[in-house]
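Let me begin by presenting the structure, written as structure tokens, before commenting on it.
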């Protein structure tokens, strides 16, 4: 089954609105990374999290290891935020450094 | 931020040929990884490498695959011979440490096997 489950699988938003993406873990996640894969295919690092919260501009992410989930909030969405967002976790009982990816959330921002 | 470079960005080869994908990791990083992404799907771990040795490989890392980093040069993924199902984008990543180390990914090498 899916060890890292992302929701929603796809999302379409108007420019200027807010959104929340979520990852649920069925493994004992110890760290989480969020990436944006842009239309060219490049993976852009957004956040690296141990349990807690981080904020960077219009993006904010949280990781709760006890409740086994992580969220990514996008405020005031812009056209350049379009792409596929992946979360990935390291987990206890897995070789450290091995990231387990979710299936991605495809985000489309419309003018 | 730190950059991982991959060469080539795209390669087309005939089934059965050999291919080598090259990765220039972040300069002070010690741990290296290859991931595979079939078009539109999630990223799958292939292998991680430290101190000249494979630490762990997944079921996707077939016998035809090998990795090395001779004398601190490129970290390479070699596939010999290639098969049709090897068509994918291969991403290299590196990290300074494991467990508390953020992975940085290259831009991917798209491999098309005909």
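Chains as they are written, first to last, in my numbering: chain R, 1 to 111; chain F, 1 to 114.
Don't be surprised by glycine CBs; every beta carbon is placed ideally from N, CA and C.
For this session: Put residue 85 (chain F) into one of helix, strand or coil per three-state DSSP.
Result: Residue state, collapsed to three classes: helix.
Problem set entry | Residue from R:103, R:53 and R:11 with nearest C-alpha to residue 24 (chain R) | Comparing Cα positions, the closest option is R:103.
Exercise. Short check: CB of residue 15 (chain F) to CB of residue 111 (chain F), under 8 Å?
Worked result: Not a contact, by the Cβ cut-off of 8 Å.
Exercise. Can you give the beta carbon distance from residue 50 (chain F) to residue 31 (chain F), rounded, assuming they're within the 8 Å contact cut?
Worked result: Correct: roughly 5 Å between the Cβ atoms.
Exercise. Is the CB-CB distance between residue 105 (chain R) and residue 11 (chain R) below 8 Å?
Worked result: For residue 105 (chain R) and residue 11 (chain R), yes; Cβs fall inside 8 Å.
For this session: Would you tell me roughly how many angstroms separate the C-alpha atoms of residue 44 (chain R) and residue 82 (chain F), rounded to the nearest one?
Result: Straight-line Cα distance between these residues: approximately 29 Å.
Problem set entry | Rounded separation between residue 31 (chain R) and residue 2 (chain F) - CA only | Cα to Cα, the separation comes out at about 19 Å.
Problem set entry | Reduced DSSP secondary structure (H/G/I, E/B, other) of residue 49 (chain R) | In the displayed model, residue 49 (chain R) falls within a strand according to three-state DSSP.
Exercise. DSSP three-state call for residue 64 (chain R): helix, strand or coil?
Worked result: In the structure shown, the three-state DSSP call for residue 64 (chain R) is strand.
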